[in-house]
Amino acid sequence: MAAALRALHAQLGIPESYGQDRGLSLQPEATQLVGVGLDISNREQKLSANTAVAWEALRTAAAADGVVLQLVSGFRSIEYQTSILRRKLLKGIPIHEILRSSAAPGYSEHHTGRAIDVTTPGSDPLEEQFERTPAYTWLLREAVKFGFSMSYPPGNLHGVVSEPWHWLHSGCGITASMNTQRKDSATDDTATEAISNRG
Ligand SMILES: [Zn+2]
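This is how it looks when you write it as structure tokens:
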């Protein structure tokens with residue numbers, strides 16, 4: 003881990019063994035992002051290019067099935083993640099408690115620009131009640147076709163609370179279902195990019 007990040011973790015009271023203990027990996031901060039419009043709080047959100055395309059395709063397909071998906075959060079910088087933790091610490095919440103629902107700076111999948119938090123009308127954002135919505139049922143069935151998977155299902159081994167709203171995109175430009183629609187535009191370049199984006 004970079005010295006600056008290690009110092010930041012020490013300052014926040016995050017144990018040095020955090021990543022190892024949780025089985026979590028450092029997440030590279032995305033440098034190339036594209037705007038994907040406003041989230042439910044009217045903040046401009048950004049995602050990596052391939053994920054932005056996949057999110058738009060996911061949202062459109064959901065809408066066609068009568069399911070409204072709304073964005074709560076997309077890209078978050080290490081700096082922004084730090085501000086979230088500092089705010090919670092100021093409220094007097096102990097760091098070990100905070101780390102059950104917020105990733106340590108450097109470890110959030112949102113740093114990559116490939117993670118989205120979603121909600122649907124009638125469900126409070128970032129609450130477990132989302133898993134009782136038709137939107138969640140739809141995502142469980144369809145999201146994989148667009149390259150999205152749930153990172154923290156119930157009972158996950160990362161010491162993270164169940165997050166039915168948090169979905170990570172593979173980063174690949176072409177997924178199985180999109181492949182059929184986009185066959186014409188597929189080039190060797192996009193295939194190479196898809197492979198280099200894995201992991
Ligand atoms: Zn999330």
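If you count by the working numbering, then the sequence shown holds residues 3 to 201, one letter each, in order.
Note that beta-carbon positions come from the ideal geometry of N, C-alpha and C, so glycine has one too.
Just so you know, the alpha carbons of Ser-104 and Ser-110 end up roughly 8 Å apart. By the C-beta density criterion, Ser-50 is buried, having at least 16 other C-beta atoms within 10 angstroms. In this structure, Leu-26 sits away from His-168, with a CB-CB distance that is not shorter than 9 Å. When C-alpha distances from Val-120 are compared across Ala-64, Leu-10, Glu-18 and Ser-172, the shortest belongs to Ala-64. Around Gln-34, the same chain offers Ser-50 and Ala-51 as residues with beta carbons nearer than 7 Å, after the five sequence neighbours per side are excluded. Here the distance from the Cβ of Glu-144 to the nearest heavy atom of ligand 1 is not below 8 Å.
By the neighbour-count criterion, in which 16 or more other beta carbons inside 10 Å mark a residue as buried, Pro-96 falls on the exposed side. Put simply, of Pro-156, Pro-166, Leu-7 and Gly-157 the residue whose alpha carbon is nearest the alpha carbon of Glu-81 is Leu-7.
The closest heavy atom of ligand 1 lies 8 Å or more from the beta carbon of Ala-106. DSSP, read as helix, strand or coil, puts Glu-18 in coil. Runs of the beta strand (DSSP E) lying entirely within the segment 22-72, each at least 3 residues long, are 36-40 and 46-49 in chain order. By the neighbour-count criterion, in which 16 or more other beta carbons inside 10 Å mark a residue as buried, Ser-172 falls on the buried side. Taking C-alpha positions only, Gly-76 is separated from Pro-127 by approximately 13 Å. Leaving aside the five residues that flank Asp-41 on each side, the residues in its chain whose CB is nearer than 7 Å to its CB run, in chain order, Gln-47, Leu-73, Val-74 and Ser-75.
A residue is called buried once 16 or more other Cβ atoms fall within 10 Å of its Cβ, and Leu-92, having fewer, is exposed.
Here the alpha carbon of Thr-122 sits roughly 18 Å from the alpha carbon of Ala-54. For Thr-84, the uninterrupted alpha helix (DSSP H) segment begins and ends at 80-92.
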